[in-house]
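All the letters of the sequence shown, read from the start, carry residue numbers 998 to 1066 under our numbering.
Below is one structure; the comments refer to it alone.
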Amino acid sequence: MSITQQYALDAYRARQHGEPVVPAPGAHDWQVMRELRDYQQFRAVVAGRPAHGRLRQALARRLRPRPTC
């Protein structure tokens, strides 16, 4: 049984029992990958290694002194 067939069967059963339908396969894949990357960066910082990527950029923006006119 393919993943699409399994999803169709699960959605059918959920409707029959009046339960909420499960999300489609792949609906949240990118969000999961972002959260996994952020978690790995967090673990790196806790372990004493430098952070890279979005977390480091966000911290740099917060800590950067604002230019005065």
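Backbone N, C-alpha and C fix where the C-beta goes; we use that ideal spot for every residue, glycine too.
What did DSSP end up calling residue i once you bin it into helix, strand or coil?
{"i": "residue 1043", "result": "helix"}
{"i": "residue 1014", "result": "helix"}
{"i": "residue 998", "result": "coil"}
{"i": "residue 1061", "result": "coil"}
{"i": "residue 1029", "result": "helix"}
{"i": "residue 1024", "result": "coil"}
Report yes if the CB atom of residue i is closer than 9 Å to the CB atom of residue j, and no otherwise.
{"i": "residue 1053", "j": "residue 1038", "result": "yes"}
{"i": "residue 1047", "j": "residue 1055", "result": "no"}
{"i": "residue 1019", "j": "residue 1007", "result": "yes"}
Measuring alpha carbon to alpha carbon, tell me which residue in the options is nearest residue i.
{"i": "residue 1017", "options": "1056, 1029 and 1004", "result": "1004"}
Say the cut is 8 Å; is the CB of residue i nearer than that to a heavy atom of the ligand GTP?
{"i": "residue 1000", "result": "The model on display carries no ligand, and the ligand GTP is accordingly not part of it."}
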